[in-house]
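Below: the structure, in structure tokens.
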Amino acid sequence: MKTADKIKTIETIQPFLDVWRKEGKIVFTNGCFDILHLGHVDYLEKTRNLGHKLILGLNTDRSISTVKGPQRPVQDEVCRARVMASLACVDAVILFGEETPYNLIKAIKPDILAKGDDYTIDKIIGREIVVENGGEVLTVPLINGYSTTNIINKIKKF
């Protein structure tokens, strides 16, 4: 399978969801993943280990600029999607253009919704959808000191 084949839309992921649910739990997480670093890889591996398949909701360029400012993202959404799809722990990548992944979570109805432990459960978007469908909302421990912003700031010093 080519990594590009792991990049889906809400429509093209649907046939996989029924099959994957029969095999185990579907885990969903989301983020910008602008510059891939150790913190991202560690987080995604831990998140994938919560279930059978990991679906990654990836912010579009426009949604990142809205949330992070006009200088972001550093890498465009096509590049970021391919890089994220190349990771063995990621089973599917879906771009979303809204400020939050609420509609994507509503469409997927994952068994497990996960975010880093820099979030509290009550602040995780889509938690009520997952809980109403019998799923779990979990936080995953992050490695301190790793962030895209830190990397960008370090590069700017050179």
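Counted the way this note's numbering counts, the sequence shown spans residues 1 to 158. From the three backbone atoms N, C-alpha and C, an ideal C-beta is built for every residue, glycine too.
| query | result |
| --- | --- |
| Uninterrupted beta strand (DSSP E) stretches inside the region 84-132 (no shorter than 3 residues) | 92-96 and 112-116 |
| Same chain, Cβ closer than 8 Å to Ser63, five either side skipped, listed in chain order | Phe96, Gly97, Glu98 and Glu99 |
| Nonlocal neighbours in the same chain, by C-beta distance under 8 Å from Leu58, ignoring five residues either side | Asn30, Gly31, Cys32, Phe33, Glu77, Arg80, Ala81, Met84, Val93, Ile94, Leu95 and Phe96 |
| Outcome for Ala114 when other beta-carbon atoms lying within 10 angstroms are tallied against a minimum of 16 | buried |
| Three-state secondary structure (DSSP) of Thr60 | coil |
| Selection from Ile151, Ile108 and Ser86 that minimises the alpha carbon distance to Gly135 | Ile108 |
| Neighbourhood of Ile125 by C-beta, 8 Å cutoff - its chain only, sequence neighbours within 5 removed | Thr100, Pro101, Tyr102 and Ile105 |
| Pro110 and Val27 closer than 8 Å at C-beta | yes |
| Leu17 in three-state terms, based on DSSP | helix |
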